[in-house]
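Numbered by numbering that gives the first Met the number 0, the letters in the sequence shown go through residues 0 to 135 in order. One structure is given below, encoded as structure tokens.
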Amino acid sequence: MSVEITDEQDIPIDIDCLRSCLQRALGRVGMPDAEVSVLLTGDSRMAELNQTYRDLPETTDVLSFPMEDNLGEPFGCLLGDIVISVPTARQQAAEGLQNEVESLALHGLLHLLGHDHEAEGWESWNIALKELVSDE
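Structure follows, in structure tokens:
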């Protein structure tokens, strides 16, 4: 499994811990060949993306962009991209910034896996989230 992380912002984040968090989650859902990319960015870039793709003219904490089609061999399972606004994550972090960024990454990963909290409701979403982080 491959987790590529690009950090284009200045707030320190432990990239190795973030990568490990996502790799563990992908392993727990049985997707050993999955590939995900993560972009850590600032509020202005996030606001641009939110405007372009959701027609909302403000920043947000996390966006996900699932691949439209599984490209198959030799590409493997390309799940898609996760974009996180680190300044927004810092503002809403109740349990530390690293934990918040990892939580947002898992949130984005659930979307890439096809979950939708607006359609499914938060109860189903939380069950799916527990599957990603459970040590059982």
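For every residue, glycine included, the Cβ atom is placed at its ideal position computed from N, Cα and C.
- Asp13 - DSSP class collapsed to helix/strand/coil: Note: Asp13 maps to coil in three-state DSSP.
- Going straight from the alpha carbon of Gly95 to that of Arg89, what length do you get? Straight across, the Cα-Cα distance linking Gly95 with Arg89 is about 8 Å.
- Query: Got a sec, what are the start and stop residues for the beta strand (DSSP E) Thr40 sits in?
  - Reply: Annotation for Thr40: the continuous beta strand (DSSP E) segment containing it runs 33-40.
- For Glu57, three-class secondary structure by DSSP: The answer is coil: DSSP assigns Glu57 none of H, G, I, E or B.
- Message: For Pro73 and Asp32, I'd like the C-alpha separation in whole angstroms.
- Response: Its pLDDT being 49, under 50, Pro73 is placed unreliably by the model, and the measurement read from it follows with that caveat. For Pro73 and Asp32, the distance between alpha carbons rounds to 11 Å.
- Query: Can you tell me where the alpha helix (DSSP H) with Leu108 in it begins and where it stops?
  - Reply: Going by DSSP, Leu108 is part of the alpha helix (DSSP H) stretching over 96-111.
- Range of the contiguous alpha helix (DSSP H) that encloses Val82: Per DSSP, Val82 lies in no alpha helix (DSSP H) segment; the continuous beta strand (DSSP E) that holds it begins and ends at 76-84.
- Query: Going by beta carbon distance, what residues of the same chain come within less than 6 Å of Leu78, once the five residues before and after it are set aside?
  - Reply: Here the set comprises Ala33, Val35, Leu111.
- Message: Can you confirm whether the stretch 12-26 touches the stretch 50-64 when touching is taken to mean that 3 or more C-beta pairs between the two stretches lie within less than 8 Å?
- Response: No, because fewer than three Cβ pairs between the stretch 50-64 and the stretch 12-26 fall closer than 8 Å, the two stretches do not touch.
- Task: With distances taken Cα to Cα, identify the nearest neighbour of Leu25 among Leu108, His114, Gly113, Asp6.
- Result: Ranking Leu108, His114, Gly113, Asp6 by Cα distance to Leu25 puts Leu108 first.
- May I ask which residues mark the beginning and end of the beta strand (DSSP E) holding Val2? Run containing Val2: 1-6, per the beta strand (DSSP E) assignment.
- Please check the pair Ile136 and Val100, which I expect to be a contact at CB under 8 Å, by giving their CB distance rounded to whole angstroms. Missing from the structure shown is residue 136; the chain here goes from 0 to 135 and no further.
- Identified DSSP bridge partners for Ser63: Partner(s): Ile81.
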